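One gets our numbering by counting positions in the sequence shown from 1 and adding 501 to each.
Using N, Cα and C, we set each Cβ at its ideal position, and we do this for glycine too.
Computed from a predicted structure; not experimentally measured.
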Amino acid sequence: MTGPVIDLGELRPGPEPDAAPLSRPPRAHGRPLRCALALLLVLATVAAAAAPPPGRAVVTVPAQAGADVLVDGDLILVINPVTAQAPQWRLAAFRLADGEPVWDVALPGQARSWGIVPKNGMLLLNGYEIGADPRASLTVALDRATGAYRWQQPDTPVELADGTLLLRSNGEVEPVRLRSVDPCCGTVRWQVTAPAVGVDAQVAGEKAERLVFTDVRGPVEVRDTRTGAVLVRADLRPPGGRPLAYVQVVDDLVLAVGGEPKTITAYGLDRLDRRWSTTAGEVDIVHGCGSVLCLRTRSAGLWAVDPATGEVRWRSDRWMWAWPSGGRLLSSVISSGPVGQFFVIDALTGQELADLGRWELYDVDTRGRLLGVRPHPDGGALVGELDVRAGRTRIVDVLPEATGHCQAIDGRLLCSGTGGTYRIWQLRD
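Written out as structure tokens, the structure is:
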């Protein structure tokens, strides 16, 4: 296991211009004292030159090509894929403080990929395309401290408001299965099946208190997450009973998209009462943007809609997407590749307020900072802090051996490094 690595890749200023020669000072009394002071200065200079240059510890952990890495609290979690030498996916845990290994376990099931969600002292792993079935998924619960196996069940998990999990099957031919289970042991609290074609189960918020079951060919149901009981049911299809394109939940609205021309109709989540309707062309996705709803359309770019009335506030074919931050919107222009051009725009008018530059954006850490990374011209990665509220970018660091795939963690940055490793740098303020 590789120990902590000291990063000596400091940026230093260039050589100072040649100074003009000093004239010889006049002779004066006290020369022995000046000589002693000069000798002390020379000795201090030599000592400073002999000392190692300032650096910082960089924690390094090994990872195979194609590995996924996640930091959870005091652990670095590495999901290593199947290789010729390792016929099973493996999950390894390392200490965040020094990179020392804690445990390493094989994952059950021949999945094509795995995701991981920490929860209540456990790690929930979700595998996709289990075995030969491209629709199958599997949820496995492991003890976070030891990696010990707890339980496993088919299907994909969503966390509910009361702390339980909703497991949902991915099939489109069989009736869709939905089960509420206790995360401690996988015990089923309630379960239900829904029609197969065009069904989606959506959550109201990140931790749902209500579930919205949608069938584009029939009624929409709002259910209680604690019991699975139906709270309200309504047919939201356009006149004539034509199928909906899809139904989406944003905050306290249920948005039904469909009809000709394509129309978005908003309903209240509690009673499915009709609020407003607007025509918006081919809508790919709708999401909350603070004081407005953001609609991404195929032909007219990004639209901003008043969530209370459906009134179109502004539209622009320049922006690819927008996201609320600092009371404003962070937006990007349509581009290719991971490095995008980011701007600050006003949510109510769409007016461009600031250009934040080109970055790969990563998660906001607990300090509330939005960090961006881009390649440095001399190698490594340049790290910037994007302040959406102030509309400016501040360069905070240079990581000489970082190659990308970063995560922000409480004043530190985890990035892939050279030689099949991941490294964690303590960022400079």
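For the beta strand (DSSP E) containing residue i, name the first residue and the last one.
i	result
K620	S614 to K620
H906	A903 to I910
G885	A882 to D888
H788	V784 to C790
S826	W820 to S826
P932	Lying before the first or after the last residue shown, residue 932 is absent from the chain, which here runs from 502 to 930.
Q611	Q611 -> no beta strand (DSSP E), and no H or E assigned at all.
T798	V793 to T798
L597	Taken as a continuous stretch (DSSP letters only), L597 belongs to no beta strand (DSSP E), as it is neither H nor E.
G802	G802 to V806
W815	V813 to S817
V713	R711 to D716
D898	R893 to L900
V748	L745 to V751
G664	That residue, G664, is in no beta strand (DSSP E); it is neither H nor E in DSSP.
G918	R913 to G918
R829	R829 to V834
DSSP three-state call for residue i: helix, strand or coil?
i	result
Q565	coil
C686	coil
A757	strand
P740	coil
T850	coil
G510	Any answer about G510 is weak, because its pLDDT of 30 lies below 50 and its placement is not dependable; what the coordinates show is given next. G510: coil per DSSP, three-state reduction.
N671	coil
D771	coil
E722	strand
P658	strand
A735	strand
L928	coil
V572	strand
V560	strand
P876	strand
I580	strand
Q842	strand
G729	coil
G858	strand
T810	coil
Identify, in the order they occur along the chain, each residue of the same chain with its Cβ nearer than 8 Å to the Cβ of residue i, setting aside the five sequence neighbours on each side.
i	result
L576	A594, F595, R596, L597, V603 and R645
D605	R591, L592, A593, A594 and G648
G918	T561, E902, A903, T904 and R924
G811	I765, A767, R776, W777, S778 and T779
C686	R651 and W652
A939	There is no way to answer for residue 939, as the model of the chain reaches only from 502 to 930.
P762	T780 and G782
Taking the Cβ atom as the reference point for each residue, do residue i and residue j lie within a distance shorter than 8 Å?
i	j	result
V889	L872	no
D879	L928	no
G664	P696	no
L737	V723	no
R772	E783	no
W824	L803	no
G921	A564	yes
R690	D656	no
L854	R829	yes
L643	G628	no
G892	V845	yes
L754	P808	yes
Q841	R859	Reading off the sequence, residue 841 comes out as Gly, not Gln. Yes, the pair counts as a contact, with Cβ atoms nearer than the cut-off.
V750	V713	yes
R669	V659	yes
L887	L914	no
Once you ignore the five residues that flank residue i on each side, which residues in its own chain have a CB closer than 7 Å to its CB?
i	result
V583	Q589 and W590
A801	G782, R816 and D818
I580	A568, D569, W590, L592, W615 and I617
S792	A848 and L849
A521	The predicted position of A521 is uncertain, since its pLDDT is 35 and thus under 50; a value taken from the coordinates is nonetheless stated next. Correct list: empty, nothing qualifies.
A612	W590, G628, Y629, E630, I631 and L639
M623	A642, L643, D644, R645, R651 and P684
Given residue i, which residues of its chain have a CB within under 6 Å of its CB, disregarding the five upstream and five downstream residues?
i	result
A746	V758 and G759
G742	none
I786	R797
L661	L667, A709 and T726
L626	W615, I617 and V641
L756	Q749, I765, A767 and V787
G729	W691 and V693
P739	G759 and G760
T894	L857, G858, G885 and L887
G610	G628, I631 and L639
### Runs of beta strand (DSSP E) wholly within the region 624 to 651 (minimum 3 residues, chain order)
Segments of the beta strand (DSSP E) lying fully in the region 624 to 651: 638 to 644.
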